[in-house]
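Offset between the sequence shown (1-based) and our numbering: plus 11.
Idealized CB from N, CA, C, for every residue including glycine.
Model, not experiment: these values are computed from the prediction.
A short worksheet on the structure shown next.
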Amino acid sequence: MAEHNVKFQEIDFQLNEFYRDAYRRTMKLLSFFIVTAFFLAMGLTWMAIERPQPPYYAAVVTGEIIPMHALSEPVVTNDFIARWSALAVRLVYNLSFEAYEKQLAQAQPNFTSQGWAALMSAFKSAGFLNEIVEKHLIVSAVVSNTPVILAPLVLHGKYTWRVQMPLLVTFTSASEQRKQRVMVTITVERVPTKDAAQGIQISDFSAGYS
């Protein structure tokens, strides 16, 4: 009987040793997996934050591949904006009573729908187009000083430039010619290249006459 008890005790002891060793091995393995998972999570987080975004490209109807840029990126220089703005504004102030509608239509792609509405509102408030038609005028304009970029900033996710420039506008009719100074302020914003090839359009327009 005593021998059986000793054997059972030995078996119990061996089982306890086995389970204890198995538990230790399991805990070590679990600890290893936890540490590995932690470092993997840290690595994936770092990759998501630090890895540069891949460049995106668009294909135009001609098959040409062009790079795409976020609208919050300027993509053009301030000097380009100043020159482009001067040309775009001059275009809407070079009109004749016979062809002003066609001339304005050619200038419209330089404007967003909101910017075009602002231009038409400014012209209407000044009676500009009515005067051209009623007095049979030919209008031309020159930018009399370098356009000034007042405030480049990102607005509603789009890179935006506030540009101001002085114009000298000449009104010519069959019987007379007169000149008027106009201070034009516009907002130029980044747009998708599918809307405008240069990636920029005028989104606001105001004019002060003197």
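By a C-beta neighbour count over all protein chains shown, 10 Å radius and 16 as the cutoff for buried, is I211 buried or exposed? For the purposes of this step, residue 211 is taken as residue 200 along the sequence shown, with counting starting at 1. Looking at its Cβ environment, which holds 16 or more other Cβ atoms inside 10 Å, I211 is buried.
Put L164 into one of helix, strand or coil per three-state DSSP. Working through the sequence shown from its first residue, we reach residue 164 at position 153. L164 falls in the strand class under three-state DSSP.
CA-CA distance, L40 and T47? Translated into the one-based positions of the sequence shown, residue 40 becomes position 29. Translated into the one-based positions of the sequence shown, residue 47 becomes position 36. Roughly 10 Å separates the two Cα atoms.
Please classify S96 as buried or exposed, where buried requires at least 16 other C-beta atoms within 10 Å of its C-beta. The residue you call residue 96 lines up with position 85 of the sequence shown. Burial call: buried.
Whole beta strand (DSSP E) runs in the segment 68-155 with 3 or more residues, listed along the chain? 76-79 and 149-154
Report all residues from its chain with a CB closer than 6 Å to the CB of V202; omit the five preceding and five following residues, and keep chain order. In the sequence shown, the residue the question calls residue 202 occupies position 191. Excluding sequence neighbours, V202 sits near Q212.
Is T37 helix, strand or coil when you go by DSSP? Walking along the sequence shown from the start, residue 37 turns up at place 26. Of the three classes helix, strand and coil, the one that applies to T37 here is helix, per DSSP.
Does DSSP classify V46 as helix, strand or coil? Counted from its first residue, the sequence shown places residue 46 at position 35. Three-state result, V46: helix.
For A218, does the three-state DSSP call read helix, strand or coil? Taking the sequence shown and counting its residues from 1, one reaches residue 218 at position 207. Strand.
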